[in-house]
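Beneath this line is the structure, given in C-alpha cells, with notes to follow.
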Amino acid sequence: MTDYPVNMNVRPEVEPFFDPATNTISYVVKDPNSTSCAIVDSVMDIDYAAGRISYDNADAIIAFVKDKGLTVDWLIETHVHADHLSAAPYIQEKLGGKIGIGENIVTVQNVFGKVFNEGTEFQRDGSQFDALFQDGDTYEIGGMRAFAIYTPGHTPACMTHVMGDAAFVGDTLFMPDGGSARCDFPGGSAETLYESIHKVLALPDNTRLFMCHDYGPNGRDIKWETTVAEEKEFNIHVGGGKSKEDFVKFRTERDAQLDMPRLIIPSLQVNMRAGEVPTDKDGNPMLKVPINAL
Ligand SMILES: [Fe+2]
C-alpha cells in the first residue's frame, strides 16, 4: 500500500454547501495558514425537463470565496458524478484555480464516449482537466499539502482527497447509517469498493470524513461529517469488521433494485467534459438521450 503523507496537525476550515435538489454537498476547504482554498465537487443547477441550466449553487460558493477574500488554488472532482452536474468551469472562469480529477477519467471517457456516440472531437485523454491524479499524488493548497488516494469501486475514476486532517471521500462512503454507494455503473465493482473503503479506514481514527452525498436515512436531518473511527465501528455496510463476502453479496443484491439516477444522462455528458456542456455542430449547447444504452 502506498505510504500517504498524512499530516493530522493541519486542520483546514471546511465550509459545506448543501444542494437539496441532488443531495450533494460541495465544500470550500481553506488552508489554515493562508487565504488559499480548494473547492470540492461543485454543483451546476439543471431543470432537466426544461433543458435549462443555472448557477445559484455555484454563485453561493463564489460569493463566499469573495466575501472571505480567498484564492482558489484547486477545483477538485472526486469522480465523474452521475447524479449532478459540475460547475467547475463556471467557477474557474470567475475565480481561477485548476480543475483536477483521477487519471482513470480516461476509462470513463472511453466507455461513455461510446454510449453517447461522441465524435472524434471528444478527446478521451482527460485533456479537458488541468490535472489528472494518480494514487499518492500530492498538491498544494497555499501552504497545505493535499494528496489523493485511489478509491475505485463506485466508478473507475474515484479518488479520496485528503487535506490535513480532513478527507473528502466522494461516494466511497456515506454517513455510517447510509452505508456505501452503488457499484453497478460501468467499471464499478463491489469487491474493489470494499478494498477502497478500507484504504480510507486505514487513515488515522480521528480523520474528519466529509461525504459528497447524504439522503437523511430514516428521516434524520442531513449530515455530512463523520470520522474514520465512527465509520469503522458503525457503518451499516462495512462497520464492525464486516467481511468482503458479506459486503459484496449485499451490495450486488441492493444495486440490482436501484433505478438509474434522475440526472445520469445530462450528468455524464457534462462531467466527462470537466463540467462543460457539449455543443452541436453549430456550437449550440445540446445534450443527447441515447435510447436503451444505459
Ligand atoms: Fe457518484
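Under our numbering, think of the first position of the sequence shown as 1, with each following residue one higher. All C-beta atoms in this analysis are idealised placements derived from N, C-alpha and C, irrespective of residue type, glycine included. Here the structure is a predicted model, which is why all the values come from computation and not from measurement.
Per the Cβ contact rule, the segment 182–199 is in contact with the segment 155–169 (3 or more Cβ pairs under 8 Å).
Shortest Cα-Cα distance from residue 86 to any of 234, 57, 178 involves 57.
Around the beta carbon of residue 109, 16 or more other beta carbons sit within 10 angstroms, so the residue counts as buried. Annotation: residue 78 to residue 147 spans about 12 Å, alpha carbon to alpha carbon. DSSP links residue 37 through a beta bridge to 30, 72. In this structure, residue 179 lies away from residue 212, with their beta-carbon atoms at least 8 Å apart. Taking C-beta separations shorter than 8 Å and ignoring five residues to either side along the sequence, the partners of residue 177 in its chain run 217, 218, 220, 234, 236, following chain order. The closest CA to that of residue 265, considering only 255, 117, 248, 73, is found on 117. Bridge partners of residue 192 according to DSSP: none are assigned. A heavy atom of ligand 1 is found nearer than 7 Å to the CB of residue 83.
Within the same chain, and ignoring the five residues on either side of residue 94 in sequence, the residues whose Cβ sits closer than 7 Å to its Cβ are 62. In this structure, the C-beta of residue 237 stays at least 7 Å away from each heavy atom of ligand 1. Collapsing the DSSP output to three states places residue 267 in a helix.
According to the DSSP assignment, residue 16 belongs to no alpha helix (DSSP H) but to the beta strand (DSSP E) extending over 13–19. Distance from the C-beta of residue 171 to the nearest heavy atom of ligand 1 is below 7 Å. Here residue 174 really is in contact with residue 181; their C-beta atoms are around 7 Å apart, less than 8 Å. Taking one beta carbon from each stretch, the segment 123–139 and the segment 22–29 have fewer than 3 pairs nearer than 8 Å; the two do not touch. If you check the CB distance, residue 55 and residue 40 do not come in under 8 Å. In the three-state scheme derived from DSSP, where H, G and I count as helix and E and B as strand, residue 98 is classed as strand. The continuous alpha helix (DSSP H) containing residue 105 extends over residues 105–115. A distance below 6 Å between beta-carbons, with the five flanking residues on each side excluded, links residue 276 to the following residues of its chain, in chain order: 89. For residue 209, the closest alpha carbon among the candidates 67, 140, 6, 226 is that of 226. Residue burial annotation: residue 243 is exposed, with fewer than 16 other C-beta atoms found within 10 angstroms of its C-beta. Judged by their CB atoms, residue 75 and residue 97 are nearer to each other than the 8 Å cut-off.
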